[in-house]
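This report refers to the structure that appears directly beneath it.
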Amino acid sequence: MSKMIRKRLVSLVIILFGLSVLTFGLTYLLPSDPVEELITSMGGSHDPETIAKLEEQYGTSRPFFVQYADWIKGVVFHGDFGVSVKYNKPVKEVIAQKLPNTVKLACTSFLTMILISFPLGILSAIYKDRIADYIIRFLSFIGVSMPSFWFGMLMIWIFAVRCGWLPVAGSSSWKHVIMPTLTLAVGMSCYYIRRIRAVMVEQLSEEYITGCRSRGIGRLKIIFCHVLPNSLLAVVTMLGMSFGGLLGGTMIVETVFSWNGIGQVCTTAISARDYSLIQGYTMWMGFIYVIVNLLVDISYSFIDPRIRRGMAQK
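Residue numbering for the sequence shown follows our numbering, starting at 1 and increasing by one per position.
And the structure:
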């Protein structure tokens with residue numbers, strides 16, 4: 001077990017190093033000059049003396065490898081991604097202020113997705129090719145087909161504009177969480193309903209299920225003690241990837257609902273060409289993504305005893 005974790009940690013470091021090179025390299029190769037963008041945003045003069053002074057201050061005139069070495073050293077040892085041009089403060093402060101809201105939205109959406117998809121997916125598999133199965137599959141097909149931003153705007157029109165039950169935008173109270181959460185959760189739920197159904201239908205056709213029935217084991221016990229645990233392994237991998245994707249995918253939803261999170265900040269940073277903030281956002285999302293997938297790999301040993309025994313033998 002510990003050997004597997006060590007291997008995953010080594011791969012985590014390699015992935016993050018590659019991501020840092022790619023992120024810094026791509027922003028370095030962009031045609032626009034961050035110093036010029038800074039002067040424009042501040043309404044200053046573009047005279048050579050001002051440009052040279054700011055280039056010296058931010059170190060943009062130095063060679064690529066020198067800039068990267070200083071940047072990665074600051075990131076690793078101090079969590080310093082530089083200064084945001086848009087907000088005129090350290091990037092780590094901007095991320096520290098906005099990231100908790102995004103994590104809150106992602107967690108509530110993830111839990112809502114699980115509460116919707118697992119019961120309906122199991123129900124659809126149990127009542128395969130019956131009316132309940134047809135209804136669930138039809139609704140899940142519609143949900144998968146709808147873009148999240150369109151569904152979000154539809155909810156705003158119904159529940160905020162027409163009915164006045166929920167606020168249109170913001171993130172200050174629990175009412176503000178409802179529509180963004182459902183917007184993110186519904187599409188993913190519909191996808192997982194179909195996936196859970198497919199995996200469970202496959203498990204229900206296995207020979208060991210026939211053996212369980214021949215021994216007189218009850219239907220519910222077969223479903224929850226045999227079929228569901230064997231189906232989880234295929235689903236858990238996708239759940240881990242979905243949670244990481246949720247953190248990045250909140251960008252559009254946060255913009256639609258004016259949710260005060262890191263996704264909306266990144267959208268603003270892209271428009272303002274705030275490269276330091278874009279780099280910080282990319283690195284943080286990459287870090288969270290690989291950590292979540294590390295936890296998913298560790299969870300395999302708890303879900304499937306065969307994997308745990310294999311790790312113990314190694």
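Where a beta carbon is used, it is the ideal one built from N, C-alpha and C, also for glycine.
Inset, instruction - Determine contact between the segment 196-206 and the segment 146-165, defined as no fewer than three beta-carbon pairs at a distance below 8 Å. - result: no
Legend entry - Limits of the alpha helix (DSSP H) - the one that Glu202 falls within: Lys175 to Leu204
Inset, instruction - Just list the beta strand (DSSP E) runs in the segment 68-128, keeping only unbroken ones of 3 residues or longer that don't cross its boundaries, in chain order. - result: none
Inset, instruction - Find the nearest neighbour of Gly18 within the set Tyr68, Val186, Ile5 and Ala96, judged by alpha-carbon distance. - result: Tyr68
Inset, instruction - Take Val290 and list the residues in its own chain whose beta-carbon comes closer than 7 Å to its own, dropping the five residues that flank it on each side. - result: Leu12, Ile15 and Leu16
Inset, instruction - Please report the Cβ distance between Ser189 and Gly143, rounded to the nearest whole angstrom; I am assuming they are in contact, meaning their Cβ atoms lie under 8 Å. - result: 7 Å
Inset, instruction - Kindly provide the ranges of any alpha helix (DSSP H) runs that are 4 or more residues long and lie completely inside the segment 239-274, ordered along the chain. - result: 262-272
Inset, instruction - Check whether the Cβ of Gly121 lies closer than 8 Å to any Cβ atom in chain C. - result: Although the question refers to chain C, the structure presented lacks it and comprises just one protein chain.
Inset, instruction - For Pro324, name the three-state secondary structure that DSSP assigns. - result: Shown here, the chain extends from 1 to 314; a query on residue 324 therefore has no answer.
Legend entry - Same chain only: Cβ atoms within 6 Å of Gly244, ignoring 5 sequence neighbours per side: Tyr289 and Val292
Inset, instruction - Label Tyr134 either buried or exposed according to how many other C-beta atoms from any shown protein chain fall within 10 Å of its C-beta, with 16 as the threshold for buried. - result: exposed
Inset, instruction - To the nearest angstrom, report how far apart Cys107 and Met251 are at their CA atoms. - result: 15 Å
Inset, instruction - Determine, using beta carbons only, whether Ala272 and Lys86 come nearer to each other than 8 Å. - result: yes
Legend entry - Burial state of Pro31, where buried means 16 or more other Cβ atoms lie within 10 Å: exposed
Legend entry - Contact belief for Ile242 with Leu184 at Cβ below 8 Å, rounded distance in angstroms: Going by the sequence as given, residue 242 is Ser instead of Ile. So it is not a contact: roughly 10 Å between Cβ atoms.
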